[in-house]
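A.B. asks:
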Amino acid sequence: MTRVLLVDADRARKVVVRRALERCGHSVCGAPTGFDALVAHPAADVVVLSLELPDLDGIEVCRRIRDHSSVPLIGLLRDSTELDRVLALRGGLDMILECPFGIAELLARVTAVTRRLGARPRTRRNLSFGSLEIDEQAREVRVGDRFVRLTHKEFDLLHLLASNPGRTVDRRKILAEVWKDHTAWMTGSRTIDTHVHSIRRKLGSCSAIRTHRGVGFRFTLS
1 MTRVLLVDAD RARKVVVRRA LERCGHSVCG APTGFDALVA HPAADVVVLS
51 LELPDLDGIE VCRRIRDHSS VPLIGLLRDS TELDRVLALR GGLDMILECP
101 FGIAELLARV TAVTRRLGAR PRTRRNLSFG SLEIDEQARE VRVGDRFVRL
151 THKEFDLLHL LASNPGRTVD RRKILAEVWK DHTAWMTGSR TIDTHVHSIR
201 RKLGSCSAIR THRGVGFRFT LS
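In terms of the UniProt record's numbering, the sequence shown is residues 1 to 222.
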């Protein structure tokens, strides 16, 4: 499953794009601002980024992502000139879509960069958020220079939440993906709370797991 980070302040467009991507089997995490994109991009396989953002210059966001990552960047531009497109590509974009665009074209471009990803040798995938680093391949967690000992389920739970930064993951999904249990949510899911409490205690002050009461949990640095 490809993890797509959708960075767009246009709510209506974001809803349409998100639904289309999810229907094609992609996992989508939304980010409305440039700052959110800078926090969330380490967990993404592909970034779809509007260059019209409310807080930061879109090209600057591209540059800052590109300074730390080779993740494919697909940029959404409106009424762009040739110079705009040249600057965007120099800033780190891999592809450009002119708004308004067709959903079929966007899906084709995401498929194209996903195909390129599949052709590359698989490398070690780390999720880094400030001093917190999660090594997916080695199944190790570090806070600064300190290794954090997590149980198998604790690691899987933390990795699931950190792979969806800023997005609330509901209890049903957690039980299905971490515990491989699609029915336990009907009889209670206190085991999740127990594991979250343990993770928070072990991570200490850098714990970024927030409770969305009655729904699930969200990984955030804000």
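The C-beta atom is built at its ideal place from N, Cα and C for all residues, glycine as well.
Predicted, not measured: the structure shown is a model, and the values here were computed from it.
Under a three-way DSSP split, which group does residue 219 fall into?
C.D. replies: strand
A.B. asks: On the three-state DSSP scale, how would you describe residue 50?
C.D. replies: Strand at residue 50.
A.B. asks: Helix, strand or coil for residue 168? Go by DSSP, reduced to three states.
C.D. replies: DSSP places residue 168 in strand when its eight states are reduced to three.
A.B. asks: What are the start and end residues of the beta strand (DSSP E) that includes residue 27?
C.D. replies: For residue 27, the uninterrupted beta strand (DSSP E) segment begins and ends at 27-31.
A.B. asks: Cα separation between residue 73 and residue 158?
C.D. replies: 26 Å
A.B. asks: Check each candidate in 11, 21, 10 and name the one with the smallest Cα separation from residue 2.
C.D. replies: 21
A.B. asks: Relative to the C-alpha of residue 8, which candidate in 34, 172, 25, 62 has its C-alpha closest?
C.D. replies: 34
A.B. asks: Hey, quick one: how far does the beta strand (DSSP E) through residue 89 stretch, first residue to last?
C.D. replies: That residue, residue 89, is in no beta strand (DSSP E); its alpha helix (DSSP H) goes 82-90.
A.B. asks: What would DSSP say about residue 58, mapped onto helix, strand or coil?
C.D. replies: helix
A.B. asks: Go to residue 7, then tell me how far its beta strand (DSSP E) extends in each direction, as first and last residue.
C.D. replies: Unbroken beta strand (DSSP E) run through residue 7: 3-7.
A.B. asks: Cβ of residue 29 within 8 Å of Cβ of residue 51?
C.D. replies: no
A.B. asks: Looking only at DSSP bridge pairs, what is residue 212 linked to?
C.D. replies: 216
A.B. asks: Taking 8 Å as the threshold, find out whether the stretch 64-73 comes into contact with the stretch 38-52 through three or more Cβ pairs.
C.D. replies: Three or more pairs of CB atoms, one per stretch, sit closer than 8 Å, so the stretch 64-73 contacts the stretch 38-52.
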